[in-house]
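Report on one structure; see the data block that follows.
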Amino acid sequence: MEHELGFTKLFNDYIPGVANAILGIFGQHAHNPERPWANFVTMQILVTLIIMVLFAILSPKISMDRPGKLQHIFEALYTFLHDQAQEIVGHHGHRYLYLFATFFIFILFANLIGIIPAFESPTMFPPVPLGCALVAFLYYHAQGVIEQGTWKYLKHFAGPVWWLTPLMIPIELISHLARPMSLTIRLFANMFAGEQVTLVFLKMVPLFIPVIFMGMHVFVAFLQAYIFTLLAMVYVAGAVAHEEH
Amino acid sequence: MNIKFAILALMLFVLASPMMAQTADHSWSAPLAAGLGMGIASGLCALGQGKAVASSAEALARNPGAAPLIRFALILGLALIESLALYTLVIIFLKV
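Chain order of the listed sequences is V and S.
Position 7 of the first sequence, counting from 1, maps to 7 under the numbering used here, and the rest follow consecutively.
Position 62 of the second sequence, counting from 1, maps to 307 under the numbering used here, and the rest follow consecutively.
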């Protein structure tokens, strides 16, 4: 699994010092200080660069009178995410759309880049989905506190009536802590299992059959990106919801 | 009477396998547990997802106008149930 990709080899050959310096800021050491860049780090950088280049190509071409194909695709994507956010979070769902759209586009591209032969999905390694899940976790708590005030937000953990509080607080705590864990494991396990299944079938039948599983992996990539975004929206909706009496 | 013999034979078979090893070699137990565990997890997950799809298909047939909402609930439910089976897979990869 530690086979170094060609892209990572570039990083390790020319700029190993940068990785060691960044790790040193946090007091960490790489497994192998000669080649500190891990595959998933460089793949994440590549995904970010691809997304930035894509949007840099798209931005100047946006026009109201004669939209091109790329603009249509991104308008459809934006409308889809915007409507989902409005439907799930409520009237002010568009306020949180920045992060939801970032999750969706980043995780989608990160999942899909694994299909290309010389690259690996960064989401196949546990730290990457963990990072996304922790951001989602901190974000929905932060939005809940911003929206409702600290004390009122914490009171939500106590349950509807005061005498249920000793029961509700452990339950709520565990269920809230289970959310980043489930987000991480769901994304990581789906991507990892998809690749392993393709590899198993590649070992058994080298022609045609693995293509079916790669096709399923593409579908699962889209679905998992959507599910992550959807669950982030549901969590934010739960945190900022104002109870109507 | 036959069922009692069958159960006795099964117990002897299960108990005999460690006795056949001279040293305490338990390396067969983790892969066996992995296979059985994953099978059970996948089977139960399939039952749950089957129920979800069945009820959503019935709801779609009865109320085709609510298709987007039903589809949303279906996809969400399927992904959440799927993730439970995947937890088992993660444990397998950690321990085997």
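Every residue, glycine too, gets a C-beta built ideally from N, C-alpha and C.
With respect to the 8 Å criterion, Phe7(V) and Leu46(V) are classified as neighbours on the basis of their beta carbons. An exposed status is given to Glu75(V), since fewer than 16 other beta-carbon atoms sit within 10 Å of its beta-carbon.
In this chain, Val205(V) is not harboured by any alpha helix (DSSP H), its DSSP state being neither H nor E. Identification of chain S residues near Ser182(V) by a Cβ-Cβ cut-off of 7 Å yields Ser328, ordered along the chain. The Cβ atoms of Met233(V) and Ala85(V) sit closer than 8 Å to each other. For Leu223(V), the nearest CB of chain S lies under 8 Å from its own CB, placing it at the interface with that chain.
Taking a beta-carbon distance threshold of 8 Å, Leu334(S) counts as an interface residue toward chain V.
Within the same chain, and ignoring the five residues on either side of Ile326(S) in sequence, the residues whose Cβ sits closer than 7 Å to its Cβ are Cys290, Gly293, Gln294, Ala297. Within the stretch 166-191 of chain V, the residues whose Cβ lies closer than 8 Å to some Cβ of chain S are Ser182, Ile185, Arg186, Phe188, Ala189, Asn190, listed in chain order. Annotation: the continuous alpha helix (DSSP H) that includes His141(V) extends over 127-148. Against Ala275(S), chain V offers no close residue; the least beta-carbon distance is about 18 Å (beta-carbon pairs closer than 8 Å). Close to Leu331(S), with beta-carbon spacing below 8 Å, are these residues of chain V in chain order: Ile185, Arg186, Ala189, Asn190, Ala193. A check of alpha carbon separations from Leu99(V) across Ala38(V), Ile57(V), Leu134(V), Pro170(V) identifies Leu134(V) as the nearest. In terms of Cβ geometry, Thr123(V) and Phe188(V) form a close pair [threshold 8 Å].
Sequence-distant partners of Leu164(V) (beyond 5 residues in either direction) whose C-beta falls short of 6 Å from its own C-beta are missing from its chain. In this structure, Ala304(S) places its C-beta atom within 8 Å of the C-beta atom of Ile315(S). Here Phe137(V) is buried. Its C-beta has 16 or more other C-beta atoms within 10 Å.
If the five residues before and after Ala275(S) are omitted, its C-beta is found closer than 6 Å to the C-beta atoms of Val341, all from its own chain and listed in chain order. Following the DSSP letters along the chain, one finds Phe55(V) inside the alpha helix (DSSP H) bounded by residues 39-58. Here the alpha carbon of Ala30(V) sits roughly 46 Å from the alpha carbon of His242(V).
Around the Cβ of Tyr78(V), a 10 Å sphere holds fewer than 16 other Cβ atoms; the residue is exposed. Residue Phe109(V) holds the alpha-carbon nearest to the alpha-carbon of Tyr226(V) among Phe109(V), Met43(V), His72(V).
Distance from the CA of Leu199(V) to the CA of Tyr235(V), rounded to the nearest whole angstrom, comes to 35 Å.
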